[in-house]
C-alpha cells in the first residue's frame, strides 16, 4: 500500500515502515561514527520503542556492544492499518542489531502490569542472567494500577491558578492566546500515579528480589525541567509534580540497591519535538525558537546525540558523574544563560508580531513527521510498501 500521514487532532494515526527504518538506521550510523563507550553489557530498556528509550537502546548496543531487552506497548499492522511507529522502529532495530551480531529481544505488553514484569524477569533469567543497566523511559497517558486495578489518566495542567500565554495555532500558523484551567486534586494525583516514580520503583523492586540485577547495576529515568516560560505547565504544573515524585523515587531506589552497589539517577534532558509535546500549548512555540537559537550556536542536539552524550560523557564517565543528588543535567546547552536570553527575546518579538515564524514552523512540522517515518528525503513515499512488518523476537 502507499502510506500517507493521517491525523486526528494532534495524533498521527499512520506511520511508514520504510521511513521508520530509515530513522533508526540514521541513529545507528551516528553512534557507530562516535568513540566506543566503556559502558553496560546487558541492558533492560522499559519504554524502548520511541524517543529517548529507543535512542538509549541504540547507544547501548552500537556504542557499548550491549545485549538489550526492550519492553513497550505497540500495535502491529492489521486490517489494512499501519503499525505504530514504535513497532516499525523496533522491527528495524532488532534486524540491524541481530545482523550485527548483538542480542536484541523485545516484549510487547503493558509495562505497568506485574505480568509483564514477571515475563521480563523470566526472560532475563533464561537468556541474560542479570542486567547491569535498567533504563526507565515510559511516556504513557494512562496507567492501571497492578494491585488496586484503579485506572489513572494524566493531564497537563497548571496547579493553583489558570494560566494564559501565547501559543501557535498549527492550522492557521497564527500566534494566539491560550488559557489552561488548573488541575483538580484528583487530576494531580492521577498524573503523579502515571508519570511519577511508583512504577519505576516497582520494577526495580521486582528485579532485585528476583536476583537479576548485577552487582553495581545502574538505573536511570528521564525528566524535563525547562525554562520559566513553561514553568506553569511543566515545573510548577502537574507534570512537574509527577517529576518531583520521580526524583524522590530515585532516592528510594538508591536505598533499595545500595547493598549491591547499585545506583539510580534521573537525567534532565533537553526539550524535543514529540507527539506529546505537540499537544501542549506554549511548548511547540518554545521548541521552534529554541531550535533556532541552538542551531545558530551549533548546540542543537537530537535524541540520539543526547543519549550518546549522556552515556559517554556522564553516566559512564566517572569524573562527571554526580555523587550526591543523583541528578544528571544533560539539558545544559538548552539552559545556558545566553541561549535562554535569546529565546526570551525572540518570544517577545514573535508575540508582538515583529518576526515571522513560518520557517521555524515548517522545520518543526518536518521533525514531527519524522517521528512517524515521514519527511525523509531518501525514502520513496510514492512506492507501495508492505505495512505488515514482523519484529524478529515477537511471534505473531
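Residue numbers (our numbering): 150 to 545.
Backbone N, C-alpha and C define an ideal beta-carbon position, used for all residues, glycine too.
For clarity, every value in this text was computed on a predicted model and none was experimentally measured.
Nearest residue (CA-CA) to residue i, options the options
i, options, result
"residue 365", "282, 253, 500", "282"
"residue 207", "227, 185, 408", "185"
"residue 444", "315, 424, 427, 488", "488"
"residue 255", "478, 272, 504", "272"
"residue 453", "479, 431, 429, 467", "479"
"residue 175", "400, 188, 204, 194", "204"
"residue 535", "370, 231, 199", "231"
"residue 277", "305, 199, 251, 394", "251"
"residue 521", "459, 190, 348, 198", "198"
"residue 222", "213, 214, 330, 202", "202"
Burial state of residue i, where buried means 16 or more other Cβ atoms lie within 10 Å
i, result
"residue 375", "buried"
"residue 392", "buried"
"residue 291", "exposed"
"residue 353", "buried"
"residue 300", "exposed"
Inter-residue spacing [alpha-carbon to alpha-carbon] between residue i and residue j
i, j, result
"residue 497", "residue 310", "23 Å"
"residue 240", "residue 163", "16 Å"
"residue 112", "residue 417", "No answer is possible for residue 112: it lies beyond the span of the chain, which begins at 150 and ends at 545."
"residue 178", "residue 485", "29 Å"
"residue 152", "residue 466", "43 Å"
"residue 161", "residue 504", "29 Å"
"residue 155", "residue 523", "11 Å"
"residue 519", "residue 194", "22 Å"
"residue 182", "residue 426", "30 Å"
"residue 383", "residue 225", "33 Å"
"residue 286", "residue 297", "23 Å"
"residue 537", "residue 237", "9 Å"
"residue 500", "residue 306", "22 Å"
"residue 403", "residue 511", "44 Å"
Beta-carbon contacts of residue i that lie in its chain and below 8 Å, excluding the five residues immediately before and after
i, result
"residue 513", "422, 433, 436, 437, 440"
"residue 442", "488, 491, 492, 495"
Neighbourhood of residue i by C-beta, 7 Å cutoff - its chain only, sequence neighbours within 5 removed
i, result
"residue 263", "295"
"residue 362", "279, 280, 356, 406, 409, 411"
"residue 326", "313, 315"
"residue 541", "243, 244, 247"
Other residues of its chain near residue i: CB distance less than 6 Å, five sequence neighbours each side excluded
i, result
"residue 246", "210, 253"
"residue 461", "186"
Discussion item. Extract the residue ranges of the beta strand (DSSP E) inside the segment 447-506, only unbroken runs of 3 or more that lie entirely within it.
Written reply: 476-478
Worksheet item: What beta strand (DSSP E) runs, 3 residues minimum, are completely inside the segment 176-207?
Response: 191-195
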